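Enquirer: Residues 594 to 691 in the numbering used here are what the sequence shown lists, from first letter to last.
Every residue gets a Cβ at the ideal spot worked out from N, C-alpha and C, and that includes glycine.
These numbers come from a predicted model, not from an experiment.
One structure coming up, written as C-alpha coordinates, with questions to follow.
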Amino acid sequence: MEPVPGLHVYELPVEHREEGDGAANPWRLGHHSGKVLAAFPSEDDALRAAREVADLADWTRPAEDLRTNEDLDLDEYVDRIETRTNGLLITPQTKTAR
(Lines of atoms letter the chains of each structure in order from A; the text may use other names.)
(Lines give C-alpha, C1' and ligand atoms only; values in the text may rest on other atoms or scores of the structure.)
Protein backbone atom coordinates (compact mmCIF):
# COMPACT_ATOMS: atom_id res chain seq x y z
CA MET A 594 0.00 0.00 0.00
CA GLU A 595 1.06 3.59 -0.58
CA PRO A 596 -0.06 5.68 2.43
CA VAL A 597 2.03 8.65 1.27
CA PRO A 598 2.78 9.26 -2.41
CA GLY A 599 6.12 7.58 -3.13
CA LEU A 600 6.31 5.60 0.13
CA HIS A 601 5.18 2.01 0.38
CA VAL A 602 4.27 -0.12 3.41
CA TYR A 603 4.46 -3.89 3.06
CA GLU A 604 4.98 -7.08 5.04
CA LEU A 605 7.93 -9.35 4.36
CA PRO A 606 6.94 -12.92 3.48
CA VAL A 607 7.73 -15.35 6.30
CA GLU A 608 10.46 -17.07 4.27
CA HIS A 609 12.35 -13.76 3.90
CA ARG A 610 12.42 -12.84 7.58
CA GLU A 611 15.73 -13.22 9.34
CA GLU A 612 15.92 -14.32 12.97
CA GLY A 613 15.94 -11.57 15.57
CA ASP A 614 14.97 -8.10 14.38
CA GLY A 615 13.79 -9.35 10.99
CA ALA A 616 11.25 -11.68 12.57
CA ALA A 617 10.21 -9.16 15.23
CA ASN A 618 9.85 -6.32 12.69
CA PRO A 619 8.37 -7.81 9.51
CA TRP A 620 6.71 -4.62 8.25
CA ARG A 621 8.69 -2.30 5.99
CA LEU A 622 8.55 1.31 4.96
CA GLY A 623 10.13 1.67 1.55
CA HIS A 624 10.62 4.14 -1.26
CA HIS A 625 8.81 3.43 -4.53
CA SER A 626 12.24 2.69 -6.08
CA GLY A 627 12.45 -0.44 -3.95
CA LYS A 628 14.86 1.01 -1.36
CA VAL A 629 13.94 -0.10 2.15
CA LEU A 630 13.95 2.70 4.74
CA ALA A 631 12.84 1.17 8.05
CA ALA A 632 11.37 -1.93 9.71
CA PHE A 633 8.44 -2.14 12.14
CA PRO A 634 6.64 -4.70 14.30
CA SER A 635 3.20 -3.91 12.84
CA GLU A 636 1.45 -2.42 9.86
CA ASP A 637 0.07 0.40 12.01
CA ASP A 638 3.59 1.31 13.13
CA ALA A 639 4.84 1.46 9.54
CA LEU A 640 1.86 3.55 8.45
CA ARG A 641 2.44 5.99 11.32
CA ALA A 642 6.09 6.32 10.28
CA ALA A 643 5.09 7.12 6.69
CA ARG A 644 2.90 9.93 8.01
CA GLU A 645 5.68 11.17 10.31
CA VAL A 646 8.16 11.65 7.45
CA ALA A 647 5.68 12.61 4.71
CA ASP A 648 6.43 16.32 4.82
CA LEU A 649 10.21 15.97 4.68
CA ALA A 650 10.46 15.36 0.93
CA ASP A 651 8.66 14.76 -2.31
CA TRP A 652 8.95 10.99 -1.98
CA THR A 653 7.74 10.49 -5.56
CA ARG A 654 11.11 11.71 -6.82
CA PRO A 655 13.74 9.16 -7.85
CA ALA A 656 15.89 7.83 -5.01
CA GLU A 657 19.05 9.34 -6.51
CA ASP A 658 17.42 12.79 -6.54
CA LEU A 659 16.51 12.44 -2.87
CA ARG A 660 20.06 11.37 -1.97
CA THR A 661 21.48 14.55 -3.47
CA ASN A 662 18.66 16.87 -2.39
CA GLU A 663 20.03 19.42 0.06
CA ASP A 664 16.46 20.26 1.14
CA LEU A 665 15.98 16.79 2.64
CA ASP A 666 17.12 17.01 6.25
CA LEU A 667 18.43 13.50 6.92
CA ASP A 668 19.04 14.27 10.57
CA GLU A 669 15.37 15.21 10.95
CA TYR A 670 14.35 12.03 9.09
CA VAL A 671 16.46 9.87 11.42
CA ASP A 672 15.20 11.74 14.48
CA ARG A 673 11.56 11.25 13.51
CA ILE A 674 11.97 7.52 12.88
CA GLU A 675 13.98 7.00 16.07
CA THR A 676 11.95 9.19 18.45
CA ARG A 677 8.42 9.24 17.04
CA THR A 678 8.12 5.60 16.01
CA ASN A 679 9.27 2.24 17.26
CA GLY A 680 10.94 1.44 13.96
CA LEU A 681 14.44 0.37 13.12
CA LEU A 682 16.29 2.33 10.45
CA ILE A 683 17.63 0.23 7.65
CA THR A 684 20.83 1.52 6.12
CA PRO A 685 21.90 0.56 2.62
CA GLN A 686 24.25 -2.37 2.53
CA THR A 687 27.41 -1.98 0.54
CA LYS A 688 29.35 -4.79 -1.00
CA THR A 689 32.78 -5.37 0.44
CA ALA A 690 35.77 -6.84 -1.35
CA ARG A 691 36.83 -10.28 -0.24
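Just to confirm my understanding: we take glutamate 595, look at its own chain, exclude 5 residues before and 5 after, and list those with CB closer than 6 Å. What are they?
Expert: The count along the sequence shown starts at 1 and reaches residue 595 at position 2. Closer than 6 Å at Cβ, skipping near neighbours: His601.
Enquirer: Could you please give the first and the last residue of the uninterrupted beta strand (DSSP E) stretch that includes valine 646?
Expert: Against the sequence shown, residue 646 aligns to sequence position 53. No beta strand (DSSP E) contains valine 646, which is instead part of the alpha helix (DSSP H) from 636–646.
Enquirer: By DSSP, does threonine 687 sit in helix, in strand, or in coil?
Expert: As a working mapping, residue 687 is identified with position 94 in the sequence shown. With a pLDDT of 43 at threonine 687, under the threshold of 50, the modelled position of this residue cannot be trusted, and the question is left open.
Enquirer: Hey, quick one: how far does the beta strand (DSSP E) through arginine 621 stretch, first residue to last?
Expert: If you number the sequence shown from 1, residue 621 lands on position 28. It spans 620–624 - the beta strand (DSSP E) in which arginine 621 sits, taken as one unbroken run.
Enquirer: Where does asparagine 662 land, buried or exposed, given buried means 16+ other C-beta within 10 angstroms?
Expert: As a first step, residue 662 is located in the sequence shown; it is residue number 69 there, counting from the start. Its Cβ having fewer than 16 others within 10 Å, asparagine 662 is exposed.
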